[in-house]
Amino acid sequence: CFGTDGTQQVGQAMLSLHLRASLWTGSAASWVNLSPPGAVDSLCNGVSSGQQVGEVSLSASYVPHASLWSGSPASWVDLNPAGSLQSQAFAAAGGQQIGVAYVPAVGTFRASLWNGSAASWMDLTPFAAGASFAYGADVGQQVGKVSWAGVNRASLWNGTAASWLSLHPIGAAESCAYAVHAGQQVGSAFFSGVYRASLWSGTAASWVDLHA
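Take any residue in the sequence shown, note its place counting from 1, add 9, and you have its number in the working numbering.
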């Protein structure tokens with residue numbers, strides 16, 4: 010299992026040597042195979058209010074497409090944006106889905122936001138940045154990392170590329186945010202060869218070192 014919203018649980022199961030996106034509601038007997046017909050492999054990474062997100066590989070080359078479900082294999086929506094070679098969805102909140110898509114035109118992975126369809130795809134990468142990744146979502150907020158001047162920086166968005174805010178603490182070699190809830194962001198920051206569990210409250214200056 011990779012995610013829960015307090016009611017549903019999502020993850021993957023191995024069947025006949027292939028991964029199957031999986032949904033549960035608290036028991037083994039409740040298991041639902043979300044893998045759509047024709048998929049080679051699939052998995053779920055996150056769930057929110059009846060929406061499940063993850064990825065589906067449609068061919069033996071195992072190229073993932075960001076995916077959205079609403080509780081059944083028949084509900085599967087391919088979120089892979091036009092022109093993208095591959096994509097993944099990691100979290101959902103408030104009817105939105107977040108993840109990453111590889112865009113050949115720029116040659117990098119781009120932090121991505123969807124509103125239920127491939128056509129709704131939005132690139133969250135701020136101007137002049139390199140690669141970017143979005144990993145966690147709450148209603149109206151997204152977190153991940155952005156490569157800026159060669160450094161991966163923990164990042165916070167409010168639904169647009171222009172809203173990007175660096176959470177990167179002073180002195181860190183790199184940082185990343187993985188989850189967000191109720192105005193708090195969590196992740197890691199790398200100092201002197203050690204990754205340190207990290208907490209933020211919306212700004213780089215709010216960084217708290219949680220390293221035990």
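Ideal placement from N, C-alpha and C gives every residue a C-beta, glycine not left out.
Residue i versus the options, residue with shortest Cα-Cα distance
| i | options | result |
| --- | --- | --- |
| TYR187 | TRP78, GLY139, ALA69 and TRP209 | TRP209 |
| ALA214 | GLY139, SER58 and GLY180 | GLY180 |
| SER25 | HIS177, GLY15, PRO46 and ASP50 | ASP50 |
| HIS27 | GLN60, VAL65 and PRO82 | VAL65 |
| SER96 | GLY20, GLY108 and VAL155 | GLY108 |
| ALA137 | SER31, VAL155, ALA182 and HIS177 | VAL155 |
| SER202 | TRP216, GLY192, LEU165 and SER184 | Checking the displayed sequence, the identity of residue 202 turns out to be Gly instead of Ser. Nearest of TRP216, GLY192, LEU165 and SER184 to GLY202, Cα basis: SER184. |
| PHE99 | VAL62, TYR71, GLN105 and ALA69 | VAL62 |
| SER93 | GLY139, ALA48, THR117 and TYR71 | THR117 |
| SER194 | PRO135, ALA171 and LEU219 | With the sequence shown as reference, residue 194 is identified as Gln, and Ser is not the correct amino acid for it. Checking every option, the nearest Cα to that of GLN194 belongs to LEU219. |
| GLN60 | PRO45, SER84, GLY47 and PRO178 | SER84 |
Residue i - partner residues in DSSP beta bridges
| i | result |
| --- | --- |
| TRP123 | GLN106 |
| CYS185 | SER197 |
| PHE118 | TYR111 |
| LEU24 | HIS27 |
| SER175 | SER164 |
| ALA100 | ILE107 |
| SER207 | GLY196 and ASP218 |
| LEU32 | VAL19 and VAL41 |
Inter-residue CB distance, residue i and residue j (contact presumed, cutoff 8 Å)
| i | j | result |
| --- | --- | --- |
| SER121 | ALA110 | 5 Å |
| CYS53 | LEU67 | Not a contact, Cβ separation roughly 16 Å. |
| LEU43 | PRO82 | 5 Å |
| ASN124 | GLY153 | Contact doesn't hold; Cβ gap of about 18 Å is too wide. |
| LEU165 | GLY196 | Contact doesn't hold; Cβ gap of about 10 Å is too wide. |
Review point. Fully enclosed by the region 129 to 166, which beta strand (DSSP E) runs are 3 residues long or longer?
Key: Those beta strand (DSSP E) runs which fall completely within the region 129 to 166 and span 3+ residues are 141 to 147, 150 to 157 and 160 to 166.
Review point. What residue ranges within the region 43 to 80 form continuous beta strand (DSSP E) runs of no fewer than 3 residues, ordered along the chain?
Key: Look at the region 43 to 80 and you find these whole runs of beta strand (DSSP E), each 3 residues long or longer: 50 to 57, 60 to 66 and 73 to 78.
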